[in-house]
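Here's the structure we're looking at; comments come further down.
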Amino acid sequence: MYYTLTAITENTPGVLYRIASVFLQGQINIERLEVSAIDETRTRSRFRIEFFDTEQHAHLLARRMERLVEVEHVELTQEKDGGETPQNTDST
Amino acid sequence: MHTPTGAESLVRTLKEAGIDTIFGYPGGAIMPAYDALYTHSNGKMRHILVRHEQAAAHAAEGYAQTTGNVGVCVATSGPGATNLLTGITNAMMDSTPILCITGQVNQALLGTDAFQESPIISMAAPVTKWCAQVQSADKIAPTIMRALAIAESGRPGPVLVDITKNALAEACTHEVPARPEKSRPSLPLDEKAILEASELLNTAKRPYALVGHGVLLSGAQDALRTLLEKADIPCAATVLGLGAISDDHPLFHGMLGMHGNYAANLKTDEADVILAVGMRFDDRVTGDASRFARNAKIIHIDIDPAELHKIIPATVPLVGDANAILEALTPHVAQADRTAWRESFRLLDQCEEPVRKEALSPSDGPISMSEAIRALDEATADSAIIVADVGQHQMLAARYYRLTGTRRFITSGGLGTMGFSLPAAIGAQIAHPQRQVIAVMGDGCAQMNIQELGTIMQEKVPVKILILNNHYLGMVRQWQELFFDERYSATAIESPDFPALAAAYNIKGACVRERAELAPALAEFVNSTETRLLEVHVRTIENVFPMIPSGGAVTDIRLQ
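If you're matching them up, the sequences are chains D and V in order.
Counting from 1, position 38 in the first sequence corresponds to residue 38 in this note's numbering; the numbering is continuous, with no gaps.
Here this note's numbering = 1-based position in the second sequence + 92.
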């Protein structure tokens, strides 16, 4: 199933790396990733990450993400249309 | 007026946070911190010089696990920092609060492959609860305070603060913030879930409690015992949960898992309600998870939401502090008498009697590892701390060393780190100078951090070192015998003359080969006020049973 995970985090060095590590540990490929600072003081970031996974794994991933100290809030939504079918990955 | 450096700020911050013991090893990048420690080496901050940074992390773990406070270790950049990683990962797996402080090259040299530069933050991130690099002196104090709070809040774990050399050396304004509140305050109790859990327990015919490390971390031993006694619920523990309920309690039926007890394992498949407290259904506990607890509804209490539904789906998940949840649950749980259910545990326990008898009372032949453990049990005080390494001796210590009184059992549970026991015992002994602290290891583990005999010698740590020498890497040998057609690949291991090696470190050692010598040697060993090493030559072939074969279900448990 196709999921979108939105996370509100601290805007500090290494947060992207830690979040990516959670995906790596679960061997989950990221289909789309957006990160931006979200407030005037640039102290917080919003991550929007899209990926394919089973329901059980996606929820486990979200909970493991919430465990990160820098992560303040996580929301997981399942896309209604199921997203695009995964294509053969191209390293470019 | 003297302007403090970042290094002085670091040491003062640690002191203000109540830290009085550090395990570490100096080197180039961390030198300014050691210079500041020299200023403060007036007895208020004790530095234990280890012989390898891995040992610093394990010693901090031993300190933390036996005190409940954060253990602190220090290493320099590059290899000093990377050597910590095994200990950090061990602490992550076993939820042990340690603070690791590493030196780093100057900020200007970061990313230039400078001498002794390693990207420790990148390496440590997946195996720490939190880690951060500090590049300016002013940020040292607040970062250390935040790290300490994170290490001990919620589910405890390791944190790492990497400090560049310029930050340690430059001047700063030393302003220590108060130690912050826990970064994640405990969640409000879920009253509805508590009522659901009590309803499940009250209507259960065959309830069974699985006790994990979280009970000890939460200090929930009394609350758990009260609930179990009121509702008459039998229980068993994971390897790290051992000691939470006394071994001689009538409701206690031993250890879960691959080398756990017969009844303890089989009853997970018979129970209709399982109350899992502060445990995470590790694969060594569940065996084949798809065939675990097939007849049970699960009440799962854990402070870490990521543990719920991870392996075994919970019927009633309860997120939060085990002690608070158990205290809230008990008033709703009905008093019960489950004599028949309890009796069925006892009958299964009896099936294990021949295994125990053969292990503990062999009629002839060399000493067995099991009887050496039982003899140690009989020789030690009710307040002893046993630090077991990893392998057959660890499982046999878990089985045959009785955790009654205020005895503690410390071991590497999740990561299974050989070489853990000697440095962890150093940490435990330094935290508890008056208690008997005994490191129990096989001949393989003994040689994995043997250099720490130097630390013990220099710091005069009166730890007791018991080496059960079967001339094999015994657990791997057992698997080769049972599952690899007796093809003993690389498991026969030769060891040095351990007492002679101890003597080289000015430690008194002894060696036992005969059964009649065992009890007197152990009595002298544990009661000495000084460090002692005792090598016991045990039979080369001894298998740990019961055993759940790898990949099997708990119902596949074998008694031989």
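The C-beta atom is built at its ideal place from N, Cα and C for all residues, glycine as well.
Just so it is clear, the structure is predicted and the values come from calculations on it, not from any experiment.
CB contact check: residue i to chain V, cutoff 9 Å
i, result
"R44/D", "no"
"V69/D", "yes"
"R63/D", "yes"
"Y2/D", "no"
"D9/D", "Per the sequence presented here, residue 9/D reads as Thr, with Asp not at that position. Not an interface residue."
"S36/D", "no"
"P13/D", "yes"
"L5/D", "no"
"R93/D", "Residue coverage of chain D in this structure runs from 1 to 92, which leaves residue 93/D outside it and unanswerable."
"E75/D", "no"
"Q25/D", "yes"
"T92/D", "In this prediction, T92/D scores a pLDDT of 38, lower than 50, which makes its location untrustworthy; no coordinate-derived value is stated."
"Q56/D", "yes"
"L33/D", "no"
"E79/D", "no"
"E66/D", "yes"
Within-9 Å CB hit, residue i to chain D
i, result
"K274/V", "Legend: pLDDT at K274/V = 48, less than 50; position of this residue unreliable, no value from coordinates given."
"A173/V", "no"
"H392/V", "no"
"P277/V", "A caution first: P277/V carries a pLDDT of 49, below 50, which makes its placement in the model unreliable, though a value can still be read off. Chain D, which has no Cβ nearer than 9 Å to the Cβ of P277/V, makes this no."
"K231/V", "no"
"P218/V", "yes"
"Q225/V", "yes"
"A658/V", "For residue 658/V there is no data in the structure shown, the boundaries of chain V being 93 and 652."
"D396/V", "yes"
"K359/V", "no"
Alpha-carbon to alpha-carbon, residue j and residue i
i, j, result
"P124/V", "A99/V", "6 Å"
"S214/V", "Y17/D", "8 Å"
"A239/V", "G546/V", "30 Å"
"T654/V", "T509/V", "Limits of chain V in this structure are 93 at one end and 652 at the other, which puts residue 654/V out of reach."
"H57/D", "E399/V", "13 Å"
"D413/V", "L260/V", "38 Å"
"S290/V", "Q199/V", "57 Å"
"E445/V", "L348/V", "17 Å"
"F47/D", "N11/D", "10 Å"
"V35/D", "C223/V", "21 Å"
"T113/V", "K107/V", "9 Å"
"E244/V", "P189/V", "6 Å"
"I393/V", "D364/V", "17 Å"
"I518/V", "I477/V", "11 Å"
"R143/V", "M184/V", "23 Å"
"A206/V", "V447/V", "58 Å"
"L5/D", "V69/D", "17 Å"
"Q157/V", "A489/V", "18 Å"
"V74/D", "A428/V", "42 Å"
"P423/V", "G370/V", "20 Å"
For residue i, the residue or residues it bridges with in DSSP
i, result
"V655/V", "Since the first residue of chain V shown is 93 and the last is 652, residue 655/V is not available in this structure."
"A329/V", "V303/V, M347/V"
"T583/V", "Its beta-bridge partners do not exist; DSSP assigns none."
"C223/V", "L252/V"
"D394/V", "V411/V"
"K389/V", "V365/V"
"S45/D", "T9/D, A37/D"
"G601/V", "L625/V"
"H57/D", "In the DSSP output, where bridge partners are listed per residue, H57/D has none listed."
"T503/V", "A480/V"
"M653/V", "Any property of residue 653/V remains undetermined from this structure, which presents chain V solely from 93 to 652."
Where residue i falls, given that 16 or more other Cβ within 10 Å makes a residue buried
i, result
"I38/D", "exposed"
"Y580/V", "exposed"
"N182/V", "buried"
"F52/D", "buried"
"G203/V", "exposed"
"S475/V", "exposed"
"H345/V", "buried"
"F23/D", "buried"
"K389/V", "buried"
"P299/V", "buried"
"F575/V", "exposed"
"C264/V", "buried"
"M487/V", "buried"
"D481/V", "buried"
query = Along the stretch 181-193 of chain V, what residues have a CB closer than 7 Å to any CB found in chain C?
reply = This model lacks chain C altogether; the protein chains it does include are D and V.
request  = Please go through the stretch 248-315 of chain V and give each complete beta strand (DSSP E) segment of 3 or more residues, from N-terminal end onward.
outcome  = 251-256, 299-303
task = Please specify which runs of the alpha helix (DSSP H), each continuous and at least 4 residues long, are wholly inside the stretch 197-221 of chain V, giving them in chain order.
result = 212-216
key: Minimum length 4: unbroken alpha helix (DSSP H) runs contained in the stretch 113-146 of chain V   = As far as the stretch 113-146 of chain V is concerned, its whole alpha helix (DSSP H) runs of at least 4 residues are 123-131.
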